[in-house]
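Residue numbers (the numbering used here): 1 to 405.
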Amino acid sequence: MKIAEIKVLVSSPGRNFVTLKVITDEGVYGLGDATVNGREMAVAAYLEEHVVPCLIGRDPHQIEDIWQYLYKGAYWRKGPITMAAIAAVDMALWDIKGKVADLPVYQLLGGKSRKHITTYGHANGETIEKTLDHLGNLIEKGFKVVRLQCVIPGLGGTYGTLGKKKNYEELQSDRPLPPEQPWSTSKYLNFIPDLFRQARERFGYNIQLVHDVHSRLTPIESAQLGKLLEPYNLMFLEDASIADNQSNYQTIRQHTTVPLAIGETFNTIWDAKELISNQSIDYLRTSITHAGGITPVKKMANFADLYNVKMAPHGAPDLSPICHAAQAHFNIWAPNFGVQEFIGFGSDKLNSVFTHPLHFENGFIYLNDKPGLGVDYNEETATNYKYNRSYLPVTRLEDGTLWYW
Ligand code: GCO
Ligand code: MG
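Quick look at the structure:
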């Protein structure tokens with residue numbers, strides 16, 4: 001079997017996605033997700049110009065060798081663009097292998113370690129009361145774990161809240177240039193503990209809670225927040241501080257027992273090696289799209305498992321249904337799976353382009369037994385949804401200093 005043709009497909013069924021379709025000389029094809037939110041065309045060009053020509057004629061069954069060829073062989077290793085491009089190839093090759101073997105990908109990884117995949121939903125709102133009403137709705141839908149984000153009074157919005165938009169799909173549509181949002185650490189730190197205190201007062205401890213700081217605190221501020229949140233028993237505090245300097249998390253760890261999660265912007269195991277081996281985190285959130293595919297993330301999971309670190313893959317809507325399906329296969333296998341971020345299966349537009357093998361019920365994702373990844377991409381419908389340049393927001397402190405969004 002040989003790779004005969006590869007298509008790089010960019011479409012915007014509600015938001016931008018970069019999809020790779022690897023087609024073999026026997027007609028079997030595989031799909032991969034290469035979306036990097038706000039930098040989509042860089043990955044498309046990387047694939048088109050530098051990856052596709054090297055793969056034509058190769059044996060698609062050589063997943064590991066092709067991965068090494070694209071990673072080591074490029075000399076310029078790592079980085080979000082390179083690793084998303086490699087990830088898309090890797091996912092597509094696992095998809096092909098599964099289809100040829102007539103087995104779902106999770107069977108090729110080692111089979112099921114659990115019945116279903118526990119998810120966490122997002123509750124957000126303009127006020128604590130509205131955020132908690134939202135939490136109540138998600139509890140009714142069966143969620144066992146929920147992330148709480150609330151507009152910070154005096155800041156008019158913050159990460160994870162929707163402002164005037166109705167849903168996440170809308171967040172990308174009308175942004176010719178990056179919008180700017182204000183940030184104040186002191187306003188945030190004075191407010192967030194109250195959100196969790198009221199959540200526990202209203203709903204008790206029978207629901208697990210999560211919060212995403214989105215990397216806006218210094219390590220000592222994260223430690224302070226962790227201590228303030230300890231009474232409310234979070235499942236984890238996500239992206240408290242950046243970890244370019246991995247010892248940041250030792251600082252946080254020395255001061256608080258709040259479990260820590262990080263990793264959605266990580267591209268390789270090297271971004272997390274000390275965090276894991278020093279046991280300064282509890283959940284690793286690398287996604288299959290942004291960290292080079294199923295092949296390396298499986299290795300990361302095995303390494304993390306040695307240090308009691310669980311996997312909690314990034315599941316934002318800017319990862320395509322192909323990534324969500326690949327992660328479902330991974331999650332159902334991974335011995336050290338923790339929880340999957342999940343905000344629903346998207347709009348009618350999205351579902352008219354992508355089909356997937358997943359089913360949500362009572363807070364859990366179930367996976368059917370279609371061979372390969374079980375996904376498909378409707379190329380014809382996709383032509384109705386043209387790429388739309390779009391950016392993530394940037395954040396500034398109240399005096400105008402640029403900060404981490
Ligand atoms: C999350 C993330 C996302 C990111 C987004 C960037 O925890 O889901 O922080 O919301 O901000 O994926 O493109
Ligand atoms: Mg996050």
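Glycine is no exception: its CB is placed at the ideal position from the N, C-alpha and C atoms. Just so we're clear, the structure is a prediction, and the values are computed from it rather than from any experiment.
Run the proximity test for residue 285: is its beta-carbon closer than 8 Å to any non-hydrogen atom belonging to ligand 2? yes
Next on the checklist: Checking 9 Å against the spacing of the C-beta atoms, do residue 194 and residue 149 come in under that value?
Outcome noted: no
Checklist entry - Are residue 342 and residue 315 touching if we call contact CB-CB under 9 Å? => result yes
C-beta contact flag for residue 32 and residue 19 at 9 Å: yes
Checklist line | CA-to-CA distance, residue 179 to residue 54, given in whole angstroms | finding: 38 Å
Where does residue 282 land, buried or exposed, given buried means 16+ other C-beta within 10 angstroms? buried
- Task: Identify, in the order they occur along the chain, each residue of the same chain with its Cβ nearer than 6 Å to the Cβ of residue 51, setting aside the five sequence neighbours on each side.
- Result: 85
**Prompt:** What separation, rounded to the nearest whole angstrom, lies between the Cα atoms of residue 307 and residue 263?
**Reply:** 16 Å
Exercise. Check whether the Cβ of residue 298 sits closer than 8 Å to any heavy atom of ligand 4, and report yes or no.
Key: Only ligand 1 and ligand 2 can be found as ligands here, which leaves ligand 4 out of the picture.
Does the beta-carbon of residue 328 have 16 or more other beta-carbons within 10 angstroms, so that it is buried, or is it exposed? buried
Requested in this report: Determine the extent of the beta strand (DSSP E) in which residue 52 is found, giving its start and end residues.
Outcome: From DSSP, residue 52 is part of no beta strand (DSSP E) but of the alpha helix (DSSP H) over 52-55.
Just to confirm the assignment, what range does the beta strand (DSSP E) spanning residue 183 have?
180-183
- From residue 384 to residue 348, what distance separates their C-alpha atoms? 13 Å
> Can you give the Cα-Cα distance for residue 379 and residue 7, rounded to whole angstroms?
Replying inline: 10 Å
Any heavy atom of ligand 1 closer than 8 Å to the CB of residue 282? no
Near residue 108, what residues of its chain come up, given a Cβ to Cβ distance below 8 Å and the 5 sequence neighbours on each side ignored? 94, 97, 98 and 101
Please say whether residue 313 and residue 286 have beta carbons closer to each other than 9 Å? yes
Look at the Cβ atom of residue 219, then the Cβ atom of residue 248, and state whether they are nearer than 9 Å.
yes
Reduced DSSP secondary structure (H/G/I, E/B, other) of residue 366: strand
Given residue 152, which residues of its chain have a CB within under 7 Å of its CB, disregarding the five upstream and five downstream residues?
158, 187, 188 and 191
Open item on the list: With the cut-off set at 9 Å, would you say residue 284 and residue 258 are in Cβ contact?
Closed with: no
Residue-level contact to chain C via CB, residue 184, 9 Å cutoff: This model lacks chain C altogether, as it is built from one protein chain only.
If we ignore side chains and look at the alpha-carbon of each, how far apart do residue 129 and residue 123 end up?
11 Å
Roughly how far, in whole angstroms, is the beta-carbon of residue 184 from the beta-carbon of residue 215, given that I think they are within contact range, below 8 Å? Actually they are not in contact, since the Cβ atoms of residue 184 and residue 215 sit about 15 Å apart, beyond 8 Å.
For residue 401, does the count of other Cβ atoms within 10 angstroms reach 16, so buried, or fall short, so exposed? exposed
Using DSSP bridges, identify the partner residues of residue 30.
22
Margin query: In the DSSP output, what is residue 395 paired with across the bridge?
Written below: 181 and 403
>> Considering only heavy atoms of ligand 2, does any lie closer than 8 Å to the CB of residue 290?
In response: no
Considering only the alpha carbon of each residue, which of 389, 367, 371 and 387 lies closest to residue 118? 367
Discussion item. For ligand 1, I want to know if residue 318 counts as a neighbour, meaning its beta carbon is within less than 8 Å of at least one of the ligand's heavy atoms.
Written reply: yes
Assign residue 311 to one of two classes, buried (16 or more other C-beta atoms within 10 Å of its C-beta) or exposed (fewer than that). buried
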